[in-house]
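Protein chains: 2
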Amino acid sequence: MNKRPIGIFDSGIGGLTVVKAIKRLLPREDIIYLGDTARLPYGTKSTDAIIQFSRENTNFLLSRNVKFIVIACYSSTSVALDTIQQASPVPVIGVIEPGVRRALKLTRTGRIGVIGTALTIYSGAYERAFRKFSDSCEILGRACPLFVPLVEEGWLDHPATELIARTYLESLKEDGIDTLLLGCTHYPLLLAQIKKVMGDINYVDASNEVASELAKQFAERGLENLDGNGNVAIYLTDLSMNFKEIGERFLGEPMNTFSRISLREFRLGS
Amino acid sequence: MNKRPIGIFDSGIGGLTVVKAIKRLLPREDIIYLGDTARLPYGTKSTDAIIQFSRENTNFLLSRNVKFIVIACYSSTSVALDTIQQASPVPVIGVIEPGVRRALKLTRTGRIGVIGTALTIYSGAYERAFRKFSDSCEILGRACPLFVPLVEEGWLDHPATELIARTYLESLKEDGIDTLLLGCTHYPLLLAQIKKVMGDINYVDASNEVASELAKQFAERGLENLDGNGNVAIYLTDLSMNFKEIGERFLGEPMNTFSRISLREFRLGS
């Protein structure tokens, strides 16, 4: 047993969907969540910048004595996971591999679509993750940069959202995929619009898979906390006008306590 | 005469429209441009964060020995101009007042619309700027958060862009304004779509007004550079995948030289 908290970071508050999934499956675990809201979004920044930000986020979580780190941000997982795994004294998992394993279980045709930010898609991280487990599947990626701002604007069923989804996804539809990975924390909130275009195929939101992976690794390594209180401490690097409203959309419950912190002491030179 | 460069900062590369206007009117002036691309956008962050970022940007420009500072970012001008003016040993202007003065010259009915980021609109900065010059005009604001990501995606004439413009602007149309201020560096690129909704009214893009204001102040203060080479040095805090393509849209010419810099030494505690 290990009573130290789980550390989770994301570029913003979309990663709270992962918190929600962990709370459901591992209700006794304490969680430290860090959202780098002062520098979001990550998906339009450079690889170098994301690696640097991710290291700073990791250093903050380590300073809070976490036993395990989850990178809840797909852009960060895409380009920084290896670096963070090498640098961290505690185990680190990202959000890509758990989703990839789930997609491989679900697919029948082996034609799998992935949508995400430009950084995630063009990094090739999903392609590499699939190749670890399968030589035969075909991976078709599509960057959807407007999906995050649409979710943050709350336009989950605006006609413009459907039109944009159609523009992004029509070619994936024509490609005849049978499984689609939602490779960004925000995209599950657009699932209804995405389904209108893509129809009756398999959809993979990795949040639940990440929680299952944690449960499995905790059991193997004796890291479970069986008598904790399930406290969630939320740290954000900026408190913008509507972060609470957006955060609650992801967390699925009121977000009553949060702190603004500075990462100044964790900053790296460059 | 003063041969030191003009310093300009923006959250990203949209402020290059101001560089373009200055180059046209004051072709001999050297310019140092700083785009804080690692932390963009500013319009969705908090007032505190924008003030801090703006101070760091100012300190960088001052370290380059600029003679005058232009805040080319509307969000930053909205909430940080006073702070920066008080802290800076050289004169500082923003992008709001020059546009406001122009709008007051153009309006006949005194009903004036302003569009911008949520931060700009809800800060009340335009309302306050108008009140300096006029008690009688009526100011109607509307935040348009999706316009910046649409421009960055390059969807200048996508049907979704028109639909989104219609959603944001329909109420301003009904309010019967006769002048509309484009209160964000990115919005002039959407002018064709905005005109489809708003029709034949006056439109104000402050870039040219800012250049005129500079020319006027330089003449008054003896700050002109009459035999410089018109060098423009572009510094960015991050070089993302498509910054060059987007930057050239704003600058209106090839962007051949630029440097990535860190603001680490200019960072403020908090």
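One line per chain: the protein sequences are F and Y, in this order. So in the working numbering, spot 66 of the first sequence is number 70, and the numbers just go up one at a time. So in the working numbering, spot 149 of the second sequence is number 153, and the numbers just go up one at a time. For each residue, glycine too, the CB sits at the ideal point set by N, CA and C. Owing to the predicted nature of the structure, the values given are computational and were not obtained by experimental measurement.
- Secondary structure note for V201 of chain Y: its alpha helix (DSSP H) is the uninterrupted segment L195 to M202.
- Taking a contact as a CB-CB distance under 8 Å, the pair R268 of chain Y and D242 of chain Y does not count as one, their CB atoms being some 13 Å apart.
- For the stretch 39-67 of chain F, the set of residues with a beta-carbon nearer than 7 Å to any beta-carbon of chain Y comprises A42, R43, T48, K49, S50 and A53, in chain order.
- The continuous beta strand (DSSP E) containing I73 of chain F extends over residues F72 to I75.
- Any Cβ of chain F closer than 8 Å to the Cβ of S244 of chain Y would place that residue at the interface, and such an atom is present.
- Within the stretch 106-160 of chain Y, the complete alpha helix (DSSP H) segments at least 4 residues long are 122-127, 129-137 and 151-157, listed from N- to C-terminus.
- Within chain F, the residues whose beta carbon sits less than 9 Å from that of T171 of chain Y are W159, H162, P163 and A164, listed in sequence order.
- Ranked by how close their Cα comes to the Cα of V201 of chain Y, the residues Y:T171, Y:F222 and Y:L186 have Y:T171 in first place.
- By the C-beta criterion, the stretch 93-100 of chain F is judged to be in contact with the stretch 68-81 of chain F, since at least 3 inter-stretch pairs fall below 8 Å.
- With a contact defined as Cβ atoms closer than 8 Å, E131 of chain Y and I116 of chain Y miss out at about 10 Å.
- Across the stretch 135-161 of chain Y, CB contacts with chain F closer than 9 Å involve P149, L150, V152, P153, L154, E156, E157 and W159, in sequence order along the chain.
- DSSP, read as helix, strand or coil, puts I35 of chain F in strand.
- Sequence-distant Cβ neighbours of S67 of chain F in its own chain, meaning closer than 8 Å and more than five residues away, are F270.
- Per the coordinates, the alpha-carbon of Q197 of chain F lies some 52 Å from the alpha-carbon of N69 of chain Y.
- Under the three-pair Cβ rule at 8 Å, the stretch 101-110 of chain Y counts as touching the stretch 213-233 of chain Y.
- Between G19 of chain F and H190 of chain F the beta-carbon gap is near 10 Å, outside 8 Å, which marks them as no contact.
- By the 16-neighbour rule on beta-carbons within 10 angstroms, L44 of chain Y is buried.
- At a cut-off of 8 Å between C-beta atoms, L20 of chain Y does not count as an interface residue with respect to chain F.
- For A42 of chain Y, no beta strand (DSSP E) encloses it, and the DSSP letter there is neither H nor E.
- A residue is called buried when at least 16 other Cβ atoms come within 10 angstroms of its Cβ; P93 of chain Y does not meet this threshold and is exposed.
- Below the 7 Å Cβ cutoff, chain F contributes A164 as neighbours of I168 of chain Y, in chain order.
- Taken atom to atom, the span from the alpha-carbon of A53 of chain F to that of T121 of chain Y is near 25 Å.
- DSSP, reduced to helix, strand and coil, places S244 of chain F outside both helices and strands of the structure shown, so it counts as coil.
- R253 of chain F does not reach chain Y, its nearest Cβ partner there being about 15 Å away, counting only Cβ pairs nearer than 9 Å.
- Taking a beta-carbon distance threshold of 8 Å, Y126 of chain Y counts as an interface residue toward chain F.
- DSSP places V214 of chain Y inside the alpha helix (DSSP H), whose first and last residues are S211 to R225.
- By the Cβ neighbour-count rule, K27 of chain F is buried, with 16 or more other Cβ atoms within 10 Å of its own.
- With a 10 Å radius around the Cβ and a threshold of 16 neighbouring Cβ atoms, Q90 of chain F comes out exposed.
- Listed by position along chain Y, the residues whose Cβ is nearer than 8 Å to that of A122 of chain F are M245 and N246.
- Within the same chain, F72 come within 6 Å of P95 of chain F by CB-CB distance, once the 5 residues on both sides are set aside.
- Judged by DSSP secondary structure, L29 of chain Y falls within the alpha helix (DSSP H) whose first and last residues are L20 to L29.
- In this structure, the CA atom of G145 of chain Y is about 42 Å from the CA atom of E178 of chain F.
- At a C-beta separation below 9 Å, R271 of chain Y has these neighbours in chain F: R268 and R271.
- Here the C-alpha atom of A133 of chain Y lies approximately 47 Å from the C-alpha atom of V74 of chain F.
- Look at D231 of chain Y here: in three-state DSSP terms it is coil, with no helix or strand label.
- In the DSSP annotation of this structure, D86 of chain Y is not part of any beta strand (DSSP E); the continuous alpha helix (DSSP H) holding it starts and ends at Y78 to A91.
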